[in-house]
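One structure is given below, encoded as structure tokens.
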């Protein structure tokens, strides 16, 4: 089972590809995450999981930030950074029109308390996705690197929290650091790309419909290996990664698992 993708991985891939997430996928038990020995990221989006943990606001929040997805201005110094992800409710359904208000230190570790540099808000799209263009924040005295954010679904309470970078020496000495709030970060060219998914305390009802099964050689309950070929509704598919098939993960509905031939 260690090679099987988590349901959240499949959900992220489907949402990022613009594919409709099948209702059955949201109702089945999630597969276990691969054990890496490292702390988990934001809580896995499984039924009944706790929401993303809150953290203190700190002294530098300012209301009425401008609406924008990029905090970078001409001449901005620092390492380019993009932060992207999705916002889910308690039943793994993506949440649209969620407010995300970001603020952070500049490349020198200073906050702009006069204007709105490195401050801005945006809303998730119809698929629950967001993307922020900024820089890697500098080190503020006594703290490790972090980005502040307030997240609020329509007519729901505000989640105030902070996002952290893996591998930072000060993570071990910062009393506020929480490994559950670590982003996944990779180097890309001269910049960095980070990802984080928020889980909000938003109740969501169970799916009301289940798509009818198709015809072909694909069958729920079968363990497939990468490279295996099946047919579904007259179309051939090749398996992309090892997994056990479940209702809702039919080849047309799971582009992270199957590629049409």
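Residue numbers (mature numbering (1 follows the signal peptide of the UniProt record, and there is no 0)): -32 to -1, 1 to 229.
Glycine residues also receive a C-beta, built at the ideal position from the N, C-alpha and C atoms.
Can you tell me whether residue i is buried or exposed? The criterion is at least 16 other CB atoms within 10 Å of its CB, across all chains shown.
i           : result
residue 154 : exposed
residue 143 : exposed
residue 121 : buried
residue 214 : buried
residue 170 : buried
residue 221 : buried
residue 198 : buried
In angstroms with no decimal places, state the Cα-to-Cα distance between residue i and residue j.
i           : j           : result
residue 7   : residue 202 : Note that residue 7 has pLDDT 46, beneath the 50 cutoff, so the model's placement of it is unreliable and the number below is only indicative. Roughly 43 Å separates the two Cα atoms.
residue 111 : residue 208 : 42 Å
residue 22  : residue 164 : 14 Å
residue 127 : residue 70  : 12 Å
residue 158 : residue 48  : 7 Å
residue 73  : residue 60  : 32 Å
residue 223 : residue 141 : 42 Å
residue 210 : residue 193 : 4 Å
residue 124 : residue 195 : 45 Å
residue 114 : residue 130 : 6 Å
residue 43  : residue 104 : 15 Å
residue 151 : residue 184 : 40 Å
Closest to residue i by CA distance: which of the options is it?
i           : options            : result
residue 101 : 219, 93, 111, 87   : 87
residue 218 : 210, 193, 188      : 188
residue 132 : 125, 116, 124      : 116
residue 62  : 94, 78, 85         : 94
residue 75  : 41, 19, 54         : 41
residue 212 : 225, 190, 226, 227 : 190
Under a three-way DSSP split, which group does residue i fall into?
i           : result
residue 219 : helix
residue 140 : helix
residue -7  : Residue confidence is low: residue -7 scores 41 on pLDDT, short of 50, so the model does not pin down where it sits. Its coordinate-derived value is still stated next. It is helical.
residue 149 : helix
residue 212 : strand
residue 158 : coil
residue 59  : coil
residue 28  : coil
residue 95  : coil
If the criterion is Cβ atoms closer than 9 Å, does the pair residue i and residue j meet it?
i           : j           : result
residue 168 : residue 39  : no
residue 68  : residue 98  : yes
residue 148 : residue 89  : no
residue 200 : residue 229 : no
residue 46  : residue 83  : no
residue 66  : residue 26  : no
Give a single yes or no on whether residue i has its beta carbon closer than 8 Å to a heavy atom of the ligand ATP.
i          : result
residue 85 : As presented, the structure is devoid of all ligands, the ligand ATP included, so that no description of it is given.
Are the C-beta of residue i and some C-beta of chain B separated by less than 9 Å?
i           : result
residue 150 : The chain labelled as chain B is not found in the depicted structure, where only one protein chain is given.
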